[in-house]
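Colleague: Got a structure for you, written out below as structure tokens; questions coming shortly.
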Amino acid sequence: GKGEYDHYMLKEIETQPTALSNTIEGRIEDGDVAFEDLPPGSFDGIESVQFVACGTSYHAAMYGGQLMREAGVRADVLRASEYESTSGPVDETTLVVAVTQSGETADTLDAVRKAAARGARTLAVTNVVGSTAAREADDAVYIRAGPEVGVAATKTYSSQAVTLALLTQRIAGDVPDATPVADRSAMLQALENLPQHVEAVLETVRAETLAREMFDSNSYFFIGHGLGHSVALEGALKFKEITYEHAEGFAAGELKHGPLALVTEETPVFAIATGGDDDDKTKTNAIEAQSRGAPIVAVGPDEQPLVDIADAHLSVPETHPVWAGLLANVQLQLLSYYAAKQLDRPIDKPRNLAKSVTVE
Ligand code: F6R
Numbered sequence: 244g245k246g247e248y249d250h251y252m253l254k255e256i257e258t259q260p261t262a263l264s265n266t267i268e269g270r271i272e273d274g275d276v277a278f279e280d281l282p283p284g285s286f287d288g289i290e291s292v293q294f295v296a297c298g299t300s301y302h303a304a305m306y307g308g309q310l311m312r313e314a315g316v317r318a319d320v321l322r323a324s325e326y327e328s329t330s331g332p333v334d335e336t337t338l339v340v341a342v343t344q345s346g347e348t349a350d351t352l353d354a355v356r357k358a359a360a361r362g363a364r365t366l367a368v369t370n371v372v373g374s375t376a377a378r379e380a381d382d383a384v385y386i387r388a389g390p391e392v393g394v395a396a397t398k399t400y401s402s403q404a405v406t407l408a409l410l411t412q413r414i415a416g417d418v419p420d421a422t423p424v425a426d427r428s429a430m431l432q433a434l435e436n437l438p439q440h441v442e443a444v445l446e447t448v449r450a451e452t453l454a455r456e457m458f459d460s461n462s463y464f465f466i467g468h469g470l471g472h473s474v475a476l477e478g479a480l481k482f483k484e485i486t487y488e489h490a491e492g493f494a495a496g497e498l499k500h501g502p503l504a505l506v507t508e509e510t511p512v513f514a515i516a517t518g519g520d521d522d523d524k525t526k527t528n529a530i531e532a533q534s535r536g537a538p539i540v541a542v543g544p545d546e547q548p549l550v551d552i553a554d555a556h557l558s559v560p561e562t563h564p565v566w567a568g569l570l571a572n573v574q575l576q577l578l579s580y581y582a583a584k585q586l587d588r589p590i591d592k593p594r595n596l597a598k599s600v601t602v603e
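Position 122, counted from 1, in the sequence shown is what full-length UniProt numbering calls 365; the numbers after and before it change by one each time, with no gaps.
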């Protein structure tokens with residue numbers, strides 16, 4: 244049950260430290276990544292990776308896709324419902340990774356079946372043991388987030404992104420000419436601290452007060468570069484899903500190619516920072532919106548350039564830039580939750596949506 248919580252969603256947001264500890268458990272060994280059923284050599288013969296997913300899982304897949312490419316492996320992230328029109332050539336050197344917390348999403352299952360029919364190797368990344376995706380794929384990796392009742396995916400997103408990040412390192416180890424990220428041991432060490440960093444974010448109250456200050460705006464924009472781009476998309480999806488307010492996520496550099504026409508003082512812009520090299524660009528793009536009157540909310544660590552220009556800041560602890568986006572996302576989960584609460588929405592069961600979408 245939801246116990247002392249008003250909503251399952253808040254409970255699931257607040258249990259992320261435990262969920263993430265379970266996700267990571269046993270998967271970092273002697274400074275390297277270990278997956279029990281997928282030892283070194285398991286991906287021999289694989290030359291490229293396609294991630295297929297829908298909705299929030301697609302945003303987690305974007306996280307994995309970027310890290311896979313940074314590790315020197317060709318990787319695409321495809322919307323499952325558009326698999327046929329976007330996949331291009333597929334054969335037995337292609338690994339298709341289905342990212343689906345339920346393991347039952349019809350569009351995702353359909354994409355995996357099409358890929359398998361063309362000879363691809365398939366792997367399900369899911370929260371549900373015995374789900375259709377887990378049974379049908381050649382291999383399955385479990386995200387171990389525990390049951391999620393709220394329709395809006397929260398802890399499963401975080402656990403998916405972390406599982407995929409680890410999996411990319413494992414896969415890259417088997418792909419010839421791949422180049423595992425240079426500071427991998429620092430990255431893995433920072434991951435071991437992620438549960439406690441999430442805990443620190445949960446102790447902040449700024450997202451709650453900000454939700455109260457801003458809930459009567461026209462539209463809410465979320466922008467970011469790189470890993471921050473996927474977090475921006477996820478932040479906007481969650482916000483529209485449970486508040487019913489208009490929200491959009493953009494690659495920060497795209498603002499000036501159209502969406503800027505919508506920006507006024509009634510359009511708060513949440514700009515995601517990771518503490519990495521992308522933040523200067525995001526700052527430039529945020530200033531473009533700010534000079535049209537938009538209030539800017541920086542979401543990220545204290546030591547990054549967006550803080551200097553932002554009107555408000557949702558702070559996260561210092562960590563490796565690979566994980567900062569996941570901490571920023573926790574702030575955005577809290578923002579959406581408290582904005583929806585303010586508007587008295589049925590948070591755990593938003594209208595027109597279902598937890599598991601078993602139709603195409
Ligand atoms: C949004 C949300 C959905 C799901 C999507 C895929 O909060 O939960 O966008 O992420 O329907 O679901 P799974 O991961 O079960 O394939």
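Every residue gets a Cβ at the ideal spot worked out from N, C-alpha and C, and that includes glycine.
Here the structure is a predicted model, which is why all the values come from computation and not from measurement.
#1: Alpha carbon to alpha carbon, what distance is there between V565 and H472?
#2: When the distance is taken between beta carbons, is L575 closer than 7 angstroms to A404?
#3: Closer than 6 angstroms by C-beta to V573: which residues in its own chain qualify, once you throw out the five before and the five after it? Chain order, please.
#4: So within the region 395-471, which uninterrupted beta strand (DSSP E) runs reach at least 3 residues, ignoring any that extend past its ends?
#5: Helix, strand or coil for L586, going by three-state DSSP, please let me know.
#6: For the beta strand (DSSP E) holding V333, just list the boundary residues, first then last.
#7: Is it the case that the CB of S300 approaches a heavy atom of the ligand F6R more closely than 6 angstroms?
#8: Excluding sequence positions up to five away, which residues of its chain have a Cβ less than 8 angstroms from the Cβ of E435?
#9: Whether or not the region 525-539 and the region 509-517 are in contact is what I'm after, with contact meaning three or more pairs of Cβ atoms, one per stretch, closer than 8 angstroms; do they touch?
#10: Could you tell me which of E347, T351 and A583 sits nearest to E327, measuring between CA atoms?
#11: With a threshold of 7 angstroms on Cβ separation, who are the neighbours of A380 within its own chain once the five nearest residues in sequence on each side are excluded?
#12: Could you check if G478 is buried or exposed, using at least 16 other CB atoms within 10 Å of its CB as the buried criterion?
#13: Taking the C-alpha atoms as reference points, what is the distance between A421 and D287?
#14: With DSSP collapsed to three states, give me the class of A278.
#15: Give a single yes or no on whether Q259 has its beta carbon closer than 6 angstroms to a heavy atom of the ligand F6R.
#16: Give me the Cα-Cα distance between A475 and E257, rounded to the nearest whole angstrom.
#17: Beta-carbon separation of I485 and S599 under 7 angstroms?
#18: Is S428 near the ligand F6R - that is, is its Cβ less than 6 angstroms away from at least one heavy atom of it?
#19: Using CA atoms only, rank isn't needed, just tell me which of P423, L253 and V392 is closest to M311.
#20: Taking the alpha carbon of S428 as the point to measure from, which residue in Q412, Y248 and Q293 has its own alpha carbon closest?
#21: Can you grab the Cα-Cα spacing for the pair D382 / A360, in whole Å?
#22: If contact is defined by three or more beta carbon pairs under 8 angstroms, each pair taking one atom from either stretch, is the region 446-465 in contact with the region 487-504?
#23: Please report the residue range of the beta strand (DSSP E) in which H556 lies.
#24: Can you tell me where the alpha helix (DSSP H) holding Y301 begins and where it ends?
#25: Taking 7 angstroms as the cut-off, decide whether the C-beta atoms of A582 and L549 are in contact.
#26: Is it a yes or a no for the region 583-596 touching the region 331-349, going by three-plus beta-carbon pairs under 8 angstroms?
#27: According to DSSP, what are the bridge partners of P544?
#28: Just grab the DSSP bridge partners of S291 for me.
#29: Just the C-alpha distance for K499 and G307, rounded to the nearest angstrom, thanks.
#30: Using only CA atoms, which one of A388, A314, A495 and R449 lies nearest to G416?
#31: Could you round the C-beta distance between E290 and V418 to whole angstroms and report it? I think they count as a contact, below 8 angstroms.
#32: Hey, out of P560, E335, T369 and G362, whose CA is closest to Y301's CA?
#33: Going by Cα to Cα distance, which pick from H468, K483 and L596 is closest to A494?
#34: Which residues in the same chain as A433 place their Cβ atom closer than 8 angstroms to its Cβ, once the five residues preceding and following it in sequence are excluded?
Modeller: Per the coordinate set shown:
#1: 13 angstroms
#2: no
#3: V441 and V444
#4: 463-467
#5: coil
#6: Here V333 belongs to no beta strand (DSSP E), and DSSP marks it neither H nor E.
#7: Yes, the ligand F6R has a heavy atom inside 6 angstroms of this Cβ.
#8: I267 and I271
#9: yes
#10: T351
#11: A341, V355, T365, L366 and A367
#12: buried
#13: Their backbone Cα atoms lie some 12 angstroms apart in a straight line.
#14: Looking at the sequence itself, residue 278 is Phe, so the reference to Ala does not match. DSSP places F278 in coil when its eight states are reduced to three.
#15: no
#16: 21 angstroms
#17: no
#18: no
#19: Taking only the C-alpha atoms, the option nearest M311 is P423.
#20: Among Q412, Y248 and Q293, the Cα nearest to that of S428 is on Q412.
#21: For D382 and A360, the gap between their C-alpha atoms comes out near 16 angstroms.
#22: yes
#23: Counting along the chain, the beta strand (DSSP E) containing H556 begins and ends at A555 to V559.
#24: G298 to E313
#25: In this structure, L549 does not lie closer than 7 angstroms to A582 by Cβ.
#26: no
#27: V559
#28: R317 and T337
#29: About 27 angstroms.
#30: A314
#31: 7 angstroms
#32: For the residues P560, E335, T369 and G362, the minimum Cα distance to Y301 belongs to T369.
#33: H468
#34: T562, H563, V565 and W566, listed in sequence order.
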